[in-house]
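Notes follow once the structure below has been shown.
Residue numbers (this note's numbering): 61 to 283.
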């Protein structure tokens, strides 16, 4: 808030609007994080979702916006369904899940570079997409990073991590959030981003649409 007040008056209208957009998202998600931290002192005590109709498209846009600023060296592209994709969700919790997954994707590209396995001219990339499949929302986050380990059976276990700086709680928290909303989370190999690239990882979230949007999706599918 102080950054917004101090620097908005020094910028032209376009840059000031951009700064306002970024700082508003930061302030809103900082408040969201405060609630998560207060109520989620232990993994097993996750707060009950406070659901209401929210636009998953908007939540995806905001999560991507934050990570574009936080990971400037990573090229993040989106291929989102143009509709709002309304779902009965806790926006705080779903935003946290999406942010974690996009952050993880960026860290996977960082790990590839740190391990010395990145090809010459490697460009870290993340693709965030959404679509309606069989009346449900399917959101995917793909990267061209280090990829999934051979032993995938423990990916969602608490405190299991392949990163020195990791806590091992990111994926279990995301999985629990999605399951608390009646959805599913899966990790699979991502399709190569180009002919010479190896397979990175892809996280796929599936959630139910809100009843009103579900009717629209069913009608569209019947046409």
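Heads up, the beta-carbon is just placed ideally off N, CA and C, and yes, glycines get one too.
**Prompt:** In whole angstroms, what separates the C-alpha of residue 283 from that of residue 194?
**Reply:** Looking up residue 283 in the chain shown gives position 223. Looking up residue 194 in the chain shown gives position 134. Residue placement at residue 283 is poorly supported in this model, since its pLDDT is 42, which falls under 50; the coordinates are not used for a value here.
**Request:** Give the single residue among 125, 251, 82 and 84 whose Cα lies nearest to the Cα of residue 264.
**Result:** Within the chain shown, the letter at position 204 stands for residue 264. Out of 125, 251, 82 and 84, 251 has the C-alpha closest to the C-alpha of residue 264.
**Message:** Measuring alpha carbon to alpha carbon, tell me which residue in 174, 196, 211 and 155 is nearest residue 205.
**Reply:** Position 145 of the chain shown holds residue 205. Nearest option by C-alpha distance: 174.
**Message:** Rounding to the nearest angstrom, what Cα-Cα distance links residue 91 and residue 155 in this structure?
**Reply:** What you label residue 91 is simply residue 31 of the chain shown in a count that begins at 1. What you label residue 155 is simply residue 95 of the chain shown in a count that begins at 1. When rounded, the distance between both Cα atoms is 12 Å.
**Request:** Please classify residue 138: is it buried, with 16 or more other beta-carbons within 10 angstroms of its beta-carbon, or exposed?
**Result:** Residue 138 sits at position 78 when you count from the first residue of the chain shown. Its Cβ having fewer than 16 others within 10 Å, residue 138 is exposed.
**Message:** To the nearest angstrom, how far is the alpha carbon of residue 77 from that of residue 209?
**Reply:** The sequence position of residue 77 within the chain shown is 17, counting from 1. The sequence position of residue 209 within the chain shown is 149, counting from 1. Those two C-alpha atoms are separated by around 42 Å.
**Prompt:** From the DSSP output, which residues share a beta bridge with residue 113?
**Reply:** Here the question's residue 113 lines up with position 53 in the chain shown. Paired residue(s): 148.
**Prompt:** In the DSSP assignment, what are the bridge partners of residue 263?
**Reply:** Position 203 of the chain shown holds residue 263. Answer by DSSP bridge pairing, in chain order: 201 and 247.
**Item:** Where the alpha helix (DSSP H) through residue 234 begins and ends
**Value:** Counting from one through the chain shown, the residue named residue 234 turns up at place 174. Looking at the DSSP string, the run of the alpha helix (DSSP H) that includes residue 234 is 230–240.
**Item:** Beta-carbon separation (whole angstroms), residue 110 vs residue 166, contact threshold 8 Å
**Value:** Here the question's residue 110 lines up with position 50 in the chain shown. Here the question's residue 166 lines up with position 106 in the chain shown. In this structure, residue 110 and residue 166 do not form a Cβ contact; the two beta carbons are roughly 29 Å apart against a cut-off of 8 Å.
**Request:** Could you spell out where the beta strand (DSSP E) holding residue 285 opens and where it closes?
**Result:** Outside the shown range of the chain, which is 61 to 283, sits residue 285, and nothing can be said about it.
**Request:** Please check the pair residue 146 and residue 269, which I expect to be a contact at CB under 8 Å, by giving their CB distance rounded to whole angstroms.
**Result:** Translated into positions along the chain shown, residue 146 becomes position 86. Translated into positions along the chain shown, residue 269 becomes position 209. Rounded to whole angstroms, the Cβ separation of residue 146 and residue 269 is 7 Å, and the two are in contact under 8 Å.
**Request:** Indicate the three-state DSSP secondary structure (helix, strand or coil) for residue 94 in the structure shown.
**Result:** The residue you call residue 94 lines up with position 34 of the chain shown. Helix, per DSSP.
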